[in-house]
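Visitor: Okay, so the sequence shown: first residue is 1 according to our numbering, each after it adds one.
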Amino acid sequence: MKTFFSSLRASSTFEYTCWIILPAMNLTGLAGLFLRESEEFFKALVPFHLVTSLFIMMIFHQDWNRSFVIYCIVTYLIGFGVEALGVHTGLIFGHYQYGETLGWKVIGVPLTIGLNWLAIIYSAGILMVDWKVSSPIRIISIAFCIVFLDFLIEKVAITYDFWSWENNTIPLQNYVAWFIIAAGLLWYFERANFRKENPVAFMYVLAQCSFFWGLNILLYLFR
Numbered sequence: 001m002k003t004f005f006s007s008l009r010a011s012s013t014f015e016y017t018c019w020i021i022l023p024a025m026n027l028t029g030l031a032g033l034f035l036r037e038s039e040e041f042f043k044a045l046v047p048f049h050l051v052t053s054l055f056i057m058m059i060f061h062q063d064w065n066r067s068f069v070i071y072c073i074v075t076y077l078i079g080f081g082v083e084a085l086g087v088h089t090g091l092i093f094g095h096y097q098y099g100e101t102l103g104w105k106v107i108g109v110p111l112t113i114g115l116n117w118l119a120i121i122y123s124a125g126i127l128m129v130d131w132k133v134s135s136p137i138r139i140i141s142i143a144f145c146i147v148f149l150d151f152l153i154e155k156v157a158i159t160y161d162f163w164s165w166e167n168n169t170i171p172l173q174n175y176v177a178w179f180i181i182a183a184g185l186l187w188y189f190e191r192a193n194f195r196k197e198n199p200v201a202f203m204y205v206l207a208q209c210s211f212f213w214g215l216n217i218l219l220y221l222f223r
């Protein structure tokens, strides 16, 4: 399996193909969710989309050592754990609950949500490490960018039953929590002992931002 992934990473054709696949998946998903005739079908594909996008990106990770595997597990568990505490206590993000769109749930939290935290932190972290500024400035700046991504996600999430908020109001607490958690996980990413290189991470981030920004615009204009 390791040799198989290595051969894929070494193929420039496969890399270029993935640069096309990631935005194509997001563009198709954007259109499919927005059109009412296909909305339910594409909502059912959301968990598959999350897993597939992360899988494609992880194929191109350059250093699958023990530290990286531990990093992935810890980030997933922290992401899932804070969401579980958040859902059941309301103390972290505010009072909210998950819908059915993100797939199978354990203790009220979709299993895919930890993967979402991992994908966001990992891809943002890859972009962060090349900045020629001090570590605190890098971490704080990227954490703010991640909070902005969450801002874009919220309208889409509520519309398509990813999750819902008490009184349909997103509290400021949610964004503060996202910033603190993202900054902590980015700090861990920066210090984890593995090579931070991935040629498709930028495309993943660009595709995600374009998807949520585009869908926000369509929802604002036409619904």
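Built from N, CA and C at the ideal position, the CB exists for glycine as well.
Hey, quick one: how far does the alpha helix (DSSP H) through residue 164 stretch, first residue to last?
Guide: As a working mapping, residue 164 is identified with position 164 in the sequence shown. Premise fails: residue 164 lies in the beta strand (DSSP E), 163-165, not in any alpha helix (DSSP H).
Visitor: Please tell me whether residue 146 and residue 182 are closer than 7 Å, where the distance is taken between their beta carbons.
Guide: Taking the first residue of the sequence shown as position 1, residue 146 is located at position 146. Taking the first residue of the sequence shown as position 1, residue 182 is located at position 182. Contact: yes.
Visitor: Check this for me: beta carbons of residue 114 and residue 189, under 7 Å apart or not?
Guide: Counting from 1 along the sequence shown, the entry for residue 114 is found at position 114. Counting from 1 along the sequence shown, the entry for residue 189 is found at position 189. No. Outside cutoff.
Visitor: In terms of alpha-carbon separation, which member of 74, 108, 100, 102 lies closest to residue 89?
Guide: By 1-based counting over the sequence shown, the position of residue 89 is 89. Ranking 74, 108, 100, 102 by Cα distance to residue 89 puts 108 first.
Visitor: For the alpha helix (DSSP H) that contains residue 62, what are its first and last residues?
Guide: As a first step, residue 62 is located in the sequence shown; it is residue number 62 there, counting from the start. It is not in any alpha helix (DSSP H) - residue 62 carries neither H nor E in the DSSP assignment.
Visitor: Applying the criterion that 16 or more other CB atoms from any shown protein chain within 10 Å of the CB defines a buried residue, is residue 202 buried or exposed?
Guide: Numbered from its first residue, the sequence shown carries residue 202 at position 202. Residue 202 comes out exposed.
Visitor: Need the endpoints of the beta strand (DSSP E) that residue 96 sits in, please.
Guide: Counting from one through the sequence shown, the residue named residue 96 turns up at place 96. Note, residue 96: beta strand (DSSP E), 96-98.
Visitor: If you draw a straight line from the C-alpha of residue 206 to the C-alpha of residue 91, how long is it?
Guide: Stepping through the sequence shown from its first residue, residue 206 is reached at position 206. Stepping through the sequence shown from its first residue, residue 91 is reached at position 91. So the two alpha carbons sit approximately 32 Å from each other.
Visitor: With H, G and I counted as helix, E and B as strand and the rest as coil, what does DSSP make of residue 155?
Guide: Taking the sequence shown and counting its residues from 1, one reaches residue 155 at position 155. Reduced to three states, the DSSP call for residue 155 is helix.
Visitor: Just to confirm the assignment: which complete alpha helix (DSSP H) runs, minimum length 4, are found wholly within the stretch 105-149?
Guide: Listed in chain order, they are 112-128.
Visitor: Looking at residue 129 and residue 196, is the spacing between their C-beta atoms short of 7 Å?
Guide: For the purposes of this step, residue 196 is identified with residue 196 of the sequence shown, where counting begins at 1. For the purposes of this step, residue 129 is identified with residue 129 of the sequence shown, where counting begins at 1. Yes, the pair counts as a contact, with Cβ atoms nearer than the cut-off.
Visitor: Please name the residue in 23, 49, 61, 52 whose C-alpha comes closest to that of residue 198.
Guide: Along the sequence shown, one-based indexing puts residue 198 at 198. Among 23, 49, 61, 52, the Cα nearest to that of residue 198 belongs to 61.
Visitor: Determine the burial state of residue 48: buried for a count of at least 16 other Cβ atoms within 10 Å of its Cβ, exposed for fewer.
Guide: Stepping through the sequence shown from its first residue, residue 48 is reached at position 48. Answer is exposed; the Cβ neighbour count stays below 16.
Visitor: So the alpha helix (DSSP H) residue 179 belongs to, where does it begin and stop?
Guide: What you label residue 179 is simply residue 179 of the sequence shown in a count that begins at 1. Looking at the DSSP string, the run of the alpha helix (DSSP H) that includes residue 179 is 172-191.
Visitor: Thinking just about the alpha-carbon of each residue, which of 69, 43, 30, 74 is nearest to the one in residue 99?
Guide: By one-based count along the sequence shown, residue 99 stands at place 99. With distances taken between Cα atoms, residue 99 lies closest to 43.
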